[in-house]
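So the structure is just underneath, and the comments pick up after that.
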Amino acid sequence: MAEMTMIQAIHDAMRQEMERDERVIVLGEDVGKNGGVFRATDGLFEQFGEARVFDTPLAESGIIGTSIGLAANGFRPIAEIQFLGFVYQAMDQLAAQAARLRFRSAGRFTCPLVVRSPYGGGVRTPELHSDALEGLFAHSPGLKIVMPSNAYDAKGLFISAIRDEDPVLFLEPMKLYRAFRMEVPEEPYEIPLGKARVVKEGEDVTIISWGASVPLAAKIAEEMKGKVDIEVIDLRSLQPLDWDTIYSSVSKTGRVMIVHEAVKTNGFGAEIAALIGERALFSLSAPIVRITGYDTPYPVPSVEDDWLPNAARMIEGVQMLMRY
Amino acid sequence: MAEMTMIQAIHDAMRQEMERDERVIVLGEDVGKNGGVFRATDGLFEQFGEARVFDTPLAESGIIGTSIGLAANGFRPIAEIQFLGFVYQAMDQLAAQAARLRFRSAGRFTCPLVVRSPYGGGVRTPELHSDALEGLFAHSPGLKIVMPSNAYDAKGLFISAIRDEDPVLFLEPMKLYRAFRMEVPEEPYEIPLGKARVVKEGEDVTIISWGASVPLAAKIAEEMKGKVDIEVIDLRSLQPLDWDTIYSSVSKTGRVMIVHEAVKTNGFGAEIAALIGERALFSLSAPIVRITGYDTPYPVPSVEDDWLPNAARMIEGVQMLMRY
Amino acid sequence: MIDQNELRIEMVQLLDENGNGEEETLQSFSDDLLLTLYQWMRKARVIDERLLKMQRQGRIGTYAPFSGQEAAQIGSVLALDKEDWLFPSYREIAACLAHGMPLTQIFHYVRGHVLGGKTPDGLNIFPIQIIIGAQTLHATGCAWATKLKGERHVSVCYFGDGATSEGDFHEALNFAAVYQVPVIFFCQNNHYAISVPIQKQTASRTIAQKALAYGMKGVLVDGNDVLAVYKTTKEAVQMAREGKGPVLIEALTYRLGPHTTSDDPTKYRSEEEVERWKRTKDPLHRLRKLLEKRNIWTDAQEEAWVAQVNDEVTKAYEEAASVEAPSLADIFRYVYDEPSPLLYEQQQEVIRRNRVKEGK
Amino acid sequence: MIDQNELRIEMVQLLDENGNGEEETLQSFSDDLLLTLYQWMRKARVIDERLLKMQRQGRIGTYAPFSGQEAAQIGSVLALDKEDWLFPSYREIAACLAHGMPLTQIFHYVRGHVLGGKTPDGLNIFPIQIIIGAQTLHATGCAWATKLKGERHVSVCYFGDGATSEGDFHEALNFAAVYQVPVIFFCQNNHYAISVPIQKQTASRTIAQKALAYGMKGVLVDGNDVLAVYKTTKEAVQMAREGKGPVLIEALTYRLGPHTTSDDPTKYRSEEEVERWKRTKDPLHRLRKLLEKRNIWTDAQEEAWVAQVNDEVTKAYEEAASVEAPSLADIFRYVYDEPSPLLYEQQQEVIRRNRVKEGK
Ligand SMILES: Cc1ncc(C[n+]2csc(CCOP(=O)(O)OP(=O)(O)O)c2C)c(N)n1
Ligand SMILES: Cc1ncc(C[n+]2csc(CCOP(=O)(O)OP(=O)(O)O)c2C)c(N)n1
Ligand SMILES: [Mg+2]
Ligand SMILES: [Mg+2]
């Protein structure tokens, strides 16, 4: 075991998988000599050389599109999109190409590709560096979506993503990169995609969250202890989704709050609410609350903290739920 | 009044607005000499000439991106994306650029742009010609989304879209282009964006739908008359959304079925279900049903009819609702 | 200032419209090779015409005919090794067939069968790409993989003149040149993207010169001269195979038919123009002339060949039609390696519904 | 085959590193013009240094310094009319200021104020673009509008060497050339895109030659020679204004500082390299030399000017800082012309929450 930040855990996962499997390669903008703008790939270029780690030209569609060819012809690329807000440039290659190669070829060709990208707010970035866009990909069959909330999960989920036979979008909450350290095993391990984690058990309210919002949810649950007994679920992956864990919790508490950074309308919170409305309606004793980004573009730094899900908004949400 | 198909109504709206306002211009692939692959722009090139109607190079990001510049500098472009499945190539220019120009410039620059595109299934097209992708744009603040289901609405909504000060995505169900004729006023008229239409009143079940699925919903309601009294709502626009009309209906019936062609997960149906779960939960007497495309890429022609929402699936859904 | 008017770009042509050319050059083509090239072109033409007819009869779906472009496709693909990779668009049926794609497979595709994209194992042909230009990046990535593995296969990417306007084309050529990967970008410039003529597509005088933007080699070839196409492609492929980097080939050609069976080309091009290409530039015509001069092909042989191909088409159609129609449930197998629990539920719903429908 | 090695591309340079040049050419620049160019460059340098310092003090957010690129920006922008349109990226603070953007506005931007993107009325500067290359299309569209309206304004689009790899760059140049619109694509090739050197960005020997792919004029200019930049841009702008179509200008330059304040350039470039550019190629240095030769600028004048600019900076900062901090509720005004009912509700929630927070 070692104490690691999330970025170290991700780095560790990449390095170990590259050591284990020479089909694993890394490509993206500034991932080589520079080691990535967040240092996620630091040292990989030095360790594995320029036949395994590639600084690419500045072109996101190019990065994903060539990765598809690399994956179909025997490699397991890890492609970096420098910030998730730039992924729009690669939407066709992701949602219409990588996602559909297996489908289009009736299984003849596959695309074992991991696209990793930092996302999320609270760190005063310029425009389009903080957007949470997982909802777009949840609406794109053929893709998997993984969003870790801590170092331990990040390593295990990342290793599973690399070993997966399908394209996986691995979204890393940049606010958490160096926010906490935690015990992370030094040897490689897998955490299966599609298994949520119950962060804290509780009887009164279920908070469902993922990625950047999980530590916040856990904090609220801790703070309200004694007053409200909150269960916190970290979905870990949106696709595949662990409905069973959601269902057990909702059946127990009857009160649901979903928290995510993405804008509210058609965020993945909507899908969870809809699944509950379809499969667990009569377990509910209160309306379903979503605490999310507002329905505006991600705003400038001076007001972003008020825009994001925050403690005040979440506590108010819990209190509202408890009125039922 | 004249009997018109939907494609004629759309054509009519374009022509009349171009006559009324010389800032209105048309651009896209094959929209000029060829009159569009569905003939939506037939004759416009001849009538308005090459200073108003432009055959563009084959580049979707180029079409939307240059339209933004045209719009910011005084024009009101109507840009065509030949089939909605090709819009992925323009996602950045739509969702990160057009949608955010007003926001980014704090109101100094605006983008009065209509992007029209055929979408929807049942017509045996090649891959990626039938995809319903409205859900992606509903998650992109700054865009409006209009999806007409008949000729009358199409004309009125289109004229409103052109006169709107913000970018509007106008999605045309290609299956309905020539499916029906109906009475359409010859003079220009507006139907405000954000006002749903109650297609048929009913007491037992609310079917909420838009675009291509509306006639199907109306047909089911008709067929089941006597057995189940179905109310059918045609949203007409998803953004802005007419929550009030949804709310009144759900309060009355307590049973909701949402129908759309897009894949289920994170489709706009999820958002509607979530809004109901948030604001009208205690009106519900049955789970919320979604009849949608399955969570796969849009399939090949030989199986598409089974993939799409169809009568059998909808009737089963209504029957299930009536068991509560 | 740099100006395209200062570029000198010559078009490679070995065989002129009357089947004449430099004797020495022509002698370098064996009778066998000429016959193979011609037979494949003729075969492709017959298949194209039959498919068009079947579409009109409602037996297959929308179809994009390639007649007129046989020399570009056959000449280039026969210059390859069997293990080389192909990245076709919807227009490259001839190239796919000549690279080894079974005709039944083509029927699966045009009949909208789930198996339509399933290239047989061992054959390196990517599924037909619908999104214009998207395959250029896949070809670059695939060739990159080849290079990293130290294999000697080349990737050949087909696309049209219109495709050169897409951002993906640009990014693909740039990546290919930066990494010096063995990929051939083969542009069939048939002068139109649906209705849009090349003059409205780009202001550059040739597509070949676009190679300069990437520090890549480019070459312009008469795409209706199968010998020129064959030789040019052979040379480019050899360079790529030897690690000398990618090449952009522009083959000037013309589609004699509509863009697809839904298209009405009279809206945008004149009958005279079509007639001119048909009469004077048909790629089959000029090679046929050469064969005649060499006395290696007769009308009787042609008739027999056409009859044989027609037979093949009929048989392949019947074989394809006899394959069980797919059911919706099948497609769920190809979304992920393993479906998620929620997707599995949907598949089960479909299977149940199917049983009900079939009255089981 | 077409090969870039056959292209001859010369770099326009009027003033060498020691401030020397062809006498006749230099004489065509009036003292006034030289002084204006120099003063703007010096002013820009001072502002850049102050902004960097303020960032280190935590008074402004992430900042992308431009020191080293003053000649490219000032030389090009001063060749424009005031009504011409600018499409800047994050690196073009100098160009924006010299085109008329108030310094307070820049402070709003770097302080993350809602008003950061609100160009004052009457000034045609698009908001700073963060998505690399995206603004190239806006510039083309804007210039197209100009042309359609029969106006004589030119659009000038700024971007870096890295941006030329994006698909949008390709589509923008292609559209611009097809429609022959009055746009200047001004590439500051500072040799790096963050850490990626130009050799890994593209295999083409120059960016200027990429113009050939679009049948567009291209020109390579010494981007650290403000006179060459000024003259080249003037000529290009005049061509565009006269309807002779777009031009791609490549200005070879170097950023002396980090990519942004979050960047550590020692990871990817050597100190010697930086030193070489600093010592021998500083764009201010060589114009200063010329001014000295003409006896029109003294150390005392320089000192006074720097002091004056420093004052301006301090005042502008204070003015910006005195503007009321925005509240989240403000941003809802800029999503649509009219918010939808559901968005209005969200805005009201924010206003209510704000009142609670402020204890009202
Ligand atoms: C991204 C995208 N945009 C538009 C289309 C619609 N479309 C299909 S074929 C075609 C023209 C293609 O022209 P070209 O590249 O010259 O190939 P050709 O059809 O002439 O072989 C267009 C616009 C598409 N399939 N994909
Ligand atoms: C679409 C997109 N991809 C990546 C980035 C991240 N990024 C910001 S600046 C930059 C390098 C740009 O290099 P260049 O175009 O040469 O301009 P320079 O910074 O050198 O002025 C990158 C990769 C971005 N902002 N947008
Ligand atoms: Mg073509
Ligand atoms: Mg640069």
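Residue numbers (UniProt numbering), protein chains in the order written: chain R, 1 to 324; chain D, 1 to 324; chain C, 1 to 360; chain E, 1 to 360. By construction, the Cβ of each residue, glycine as well, lies at the ideal position given by its N, Cα and C atoms.
| Check | Outcome |
| --- | --- |
| Could you pull out every residue in the same chain whose Cβ sits closer than 8 Å to the Cβ of residue 123 of chain R, ignoring the five residues on either side in sequence? | 130, 174, 175 |
| For residue 48 of chain D, report the span of its alpha helix (DSSP H) as first-last. | 44-48 |
| Under three-state DSSP, which class holds residue 307 of chain R? | helix |
| Given a cut-off of 8 Å, decide if residue 228 of chain D and residue 318 of chain D are closer than it, judged by their beta-carbon atoms. | yes |
| Quick one: residues in its chain with C-beta nearer than 6 Å to the C-beta of residue 15 of chain E, no 5 flanking neighbours on either side, listed in chain order? | 21, 225, 227, 286 |
| Which chain C residues sit within Cβ distance under 8 Å of residue 102 of chain R? | 334, 335, 336, 337 |
| Could you list which residues in chain C have their beta carbon closer than 8 Å to that of residue 81 of chain R, in chain order? | The premise fails here: residue 81 of chain R is roughly 14 Å from chain C at the closest Cβ pair, so nothing lies under 8 Å. |
| Between the segment 138-151 of chain E and the segment 63-73 of chain D, can you find at least three pairs of beta-carbon atoms closer than 8 Å? | yes |
| I want to check one thing, is the minimum distance from the CB of residue 190 of chain C to the heavy atoms of ligand 3 below 7 Å? | yes |
| Verify the contact flag: residue 193 of chain E, CB atom, against every heavy atom of ligand 4, threshold strictly below 7 Å. | yes |
| Kindly indicate if chain C contains any beta-carbon less than 8 Å away from that of residue 240 of chain R. | yes |
| What's the C-alpha gap between residue 259 of chain E and residue 58 of chain E? | 18 Å |
| What does residue 215 of chain C touch in chain E if you count any residue whose Cβ is under 8 Å from its own? | 4, 202, 203, 204, 205 |
| On a CA-only basis, which of E:239, E:83, E:195, E:294 is nearest residue 121 of chain E? Give me that one, please. | E:83 |
| For residue 126 of chain E, decide whether its Cβ has a neighbour in chain D, counting only Cβ atoms nearer than 8 Å. | yes |
| Could you give the uninterrupted runs of the beta strand (DSSP E) lying entirely in the segment 232-294 of chain C, keeping only those of 3 residues or more? | 247-252 |
| Could you spell out the range, first to last residue, of the beta strand (DSSP E) harbouring residue 218 of chain E? | 217-222 |
| Within a Cβ cutoff of 8 Å, which residues of the same chain sit near residue 253 of chain D, ignoring the five residues on either side of it in sequence? | 202, 203, 204, 205, 206, 231 |
| Closest Cβ-Cβ distance between residue 66 of chain R and chain C: below 8 Å? | yes |
| Tell me which same chain residues have a C-beta within less than 8 Å of the C-beta of residue 309 of chain D, skipping the five on either side of it? | 213, 216, 259, 260, 261, 291, 292, 293 |
| State yes or no: is the C-beta of residue 127 of chain E within less than 8 Å of the C-beta of residue 154 of chain E? | no |
| Closest to residue 191 of chain C by CA distance: which of C:4, C:265, C:116, C:295 is it? | C:265 |
| Decide if residue 341 of chain D is buried, meaning its Cβ has at least 16 other Cβ atoms within 10 Å, or exposed. | This structure cannot speak to residue 341 of chain D, because chain D is shown only from 1 to 324. |
| Under a three-way DSSP split, which group does residue 119 of chain D fall into? | strand |
| For the putative contact between residue 171 of chain R and residue 211 of chain R, defined by C-beta atoms under 8 Å, what is the C-beta separation to the nearest angstrom? | 6 Å |
| Can you look up residue 310 of chain C in the DSSP assignment and give me helix, strand or coil? | helix |
| Is residue 225 of chain E helix, strand or coil by DSSP? | coil |
| Tell me which residue opens and which closes the beta strand (DSSP E) that residue 33 of chain E is part of. | Careful: residue 33 of chain E lies outside any beta strand (DSSP E), inside the alpha helix (DSSP H) at 31-56. |
| Counting only Cβ-Cβ distances shorter than 7 Å, please list the residues of the segment 131-152 of chain D near chain C, keeping chain order. | none |
| So, residue 61 of chain R versus residue 137 of chain C, is the Cβ gap smaller than 8 Å? | yes |
| Under the criterion of a Cβ to heavy atom distance below 7 Å, does residue 86 of chain D qualify as lining ligand 1? | yes |
| Note down, in chain order, each residue of its chain lying with its Cβ closer than 6 Å to the Cβ of residue 76 of chain E, except the 5 sequence neighbours on either side. | 186, 229, 233 |
| What would DSSP say about residue 152 of chain C, mapped onto helix, strand or coil? | coil |
| Per DSSP, what kind of secondary structure is residue 103 of chain R in: helix, strand or coil? | helix |
| Comparing the C-beta of residue 46 of chain D with each C-beta of chain C, is any distance below 8 Å? | no |
| Excluding the 5 residues flanking residue 201 of chain C on each side, which residues of the same chain have their C-beta closer than 8 Å to its C-beta? | 161, 162, 164, 165, 193 |
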